[in-house]
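A.B. asks: Take this structure first; my questions come after.
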Amino acid sequence: MARAEKQKQKLIRLLQIFIRETDESHGISMSEIISLLSDYGITAERKSIYDDLMTLTEMGFDIITLPTRPPKYSLGKRPFEIAELKMLTDAAASSRFITAEKSRDLIQKLRGFAGKYHSGELSRQVYVEDRVKTMNDASIENIDKIHAAINAGVKITFKYFDYTSDKRRAFRHGGAAYLVSPMALIRSDDNYYLVGYDSRDEKSKNFRVDKMAELTVSAEAKDEAACARFNPAEYSNKIFGMYGGREELVTLECRERLAGVIIDRFGMQNTFIKTEFGFRVSLRVMLSPNFFAWVLGFGKDMRILAPVAVREELLERLRDTVEVYEK
6 MARAEKQKQK
16 LIRLLQIFIR
26 ETDESHGISM
36 SEIISLLSDY
46 GITAERKSIY
56 DDLMTLTEMG
66 FDIITLPTRP
76 PKYSLGKRPF
86 EIAELKMLTD
96 AAASSRFITA
106 EKSRDLIQKL
116 RGFAGKYHSG
126 ELSRQVYVED
136 RVKTMNDASI
146 ENIDKIHAAI
156 NAGVKITFKY
166 FDYTSDKRRA
176 FRHGGAAYLV
186 SPMALIRSDD
196 NYYLVGYDSR
206 DEKSKNFRVD
216 KMAELTVSAE
226 AKDEAACARF
236 NPAEYSNKIF
246 GMYGGREELV
256 TLECRERLAG
266 VIIDRFGMQN
276 TFIKTEFGFR
286 VSLRVMLSPN
296 FFAWVLGFGK
306 DMRILAPVAV
316 REELLERLRD
326 TVEVYEK
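Pasting the structure below:
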C-alpha cells in the first residue's frame, strides 16, 4: 500500500491505539505513539499527532494528559465502562439463545473495548463451556430476517422442530413450512420467541426462534388487521412461559406477602382488594400449563377464586398428576 494510503488510516489507528493501550490510569508518551503507529506502517511527526489528538477531542473523544514526565496521553471516558462490559460479557456467556462459539466470539470483541489493562477481568468472570446453549447456528440470522420482514410488512416461511429422545430434530406438520405474519419478537426465560399470526388458523402463535429452520422472507403482504390489533406489552403481561392458550379474566386471592410478586409480574395498574386471606386481584391471563404451575408454585399462599371453570381445570390437572404418581 502506498505511503499516502497508509496516512489516511492514521486517525483511526490512533483511536484504536488509545482504546487498546490506555485507560484513565495508564497513558502512552508521544514517542510510544509514534512507535505504535509505525507498527502499522504509518510515519508521523509530533506536531501532526498533536493536531490529531485535538481532532479526536473535537469529535467527542475524551483525550486527557496525565501528570507524568514526560507527559502521557490516554483515553479517559471510554465507549463502555468496565462495569458495563462485564455485564454485557456475562450476558453473552450465559445466554442460552446463542451458541458457545458465538458467545466466545462476542466476548473477544467486547474485550477489545476494555483495553489491555482490563480485558483479563472479563475473561476471569465468564464461563461458557458448561452452560446450556442452543445448537442452532441460524438463530441470530433468523432474528435479522424476522426484523427485516416486520419492517417490510411481509410474511415469513419456516420449518419448526422439536427434539426427540434420541436428540434428533423432528419437524412439526410433517415437515411442511409455516407461513405467518411476524408481529413481534419477545424474550422470555432466556429465549427469543416470535409472535406470529397464522391466517390459515386465524390466531396468533408463539415460536422459539432457535427452533426455526429454513426461514425465508416472503413477498406476500402481512395480515394488516391482525398485526394492527396486536399489543406486545399487553401480550407479554398475559402470557406465561410463551405457552399459548385461551384468554380469561381470572380472580386470584393471595397472601399479603405476594403483593410484590403480582406487581413485578403484572405492573401497578391492577386493583388490590383487601380480604381476610390477604388481597384479591383480577387479571387477564392466557391459560396454559405454565400459568397453573405458576399458581401452584405459591402453594397455600395463592388460590384461584374465579371463574369456576378455571378452578376446576386446575383441580383436574392436579388429579391427573396424582394419578401418575399413584400408578
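Quick note, in the working numbering, the sequence shown goes up one by one and the last residue is 332. For every residue, glycine included, the Cβ atom is placed at its ideal position computed from N, Cα and C. All values derive from a computational prediction rather than experimental measurement.
What would DSSP say about K121, mapped onto helix, strand or coil?
C.D. replies: Three-state result, K121: coil.
A.B. asks: Using alpha carbons as the reference points, say which of V159, F23 and L320 lies closest to A224.
C.D. replies: Measuring from the Cα of A224, the nearest candidate turns out to be V159.
A.B. asks: Alpha carbon to alpha carbon, what distance is there between I33 and T27?
C.D. replies: Straight-line Cα distance between these residues: approximately 7 Å.
A.B. asks: Give me the Cα-Cα distance between S144 and I161, rounded to the nearest whole angstrom.
C.D. replies: Their Cα atoms are separated by approximately 15 Å.
A.B. asks: How big is the Cα-Cα spacing for I112 and E281?
C.D. replies: Roughly 53 Å separates the two Cα atoms.
A.B. asks: Is the beta carbon of L42 closer than 8 Å to that of K15?
C.D. replies: The answer is yes: Cβ separation under 8 Å.
A.B. asks: Could you give the DSSP three-state label for A88: helix, strand or coil?
C.D. replies: Of the three classes helix, strand and coil, the one that applies to A88 here is helix, per DSSP.
A.B. asks: Any idea what DSSP makes of D149, helix, strand or coil?
C.D. replies: Here D149 sits in helix by DSSP.
A.B. asks: Looking at K227 and the ligand GDP, is the gap between the Cβ and the nearest heavy atom below 7 Å?
C.D. replies: In terms of ligand content, the structure shown is empty, and the ligand GDP therefore cannot be addressed.
A.B. asks: CA-CA distance, E258 and N211?
C.D. replies: Looking at the two C-alpha atoms, the distance is approximately 29 Å.
A.B. asks: Apply the 10 Å Cβ neighbour rule to D57 and answer buried if 16 or more other Cβ atoms are within range, or exposed otherwise.
C.D. replies: Buried is the call here.
A.B. asks: Classify M291 as buried or exposed, calling it buried when 16 or more other Cβ atoms lie within 10 Å of its own Cβ.
C.D. replies: M291 comes out buried.
A.B. asks: Are the beta-carbon atoms belonging to A119 and L90 less than 8 Å from one another?
C.D. replies: Yes, the pair counts as a contact, with Cβ atoms nearer than the cut-off.
A.B. asks: Helix, strand or coil for L263, going by three-state DSSP, please let me know.
C.D. replies: The answer is helix: DSSP assigns L263 an H, G or I state.
A.B. asks: How about F303 and R322: do their beta carbons lie closer than 8 Å?
C.D. replies: No, they are not a contact pair.
A.B. asks: Report the three-state DSSP secondary structure of S100 (helix, strand or coil).
C.D. replies: Coil, per DSSP.
A.B. asks: Which of the three DSSP states, helix, strand or coil, is assigned to T326?
C.D. replies: Looking at T326 - three-state DSSP - the assignment turns out to be helix.
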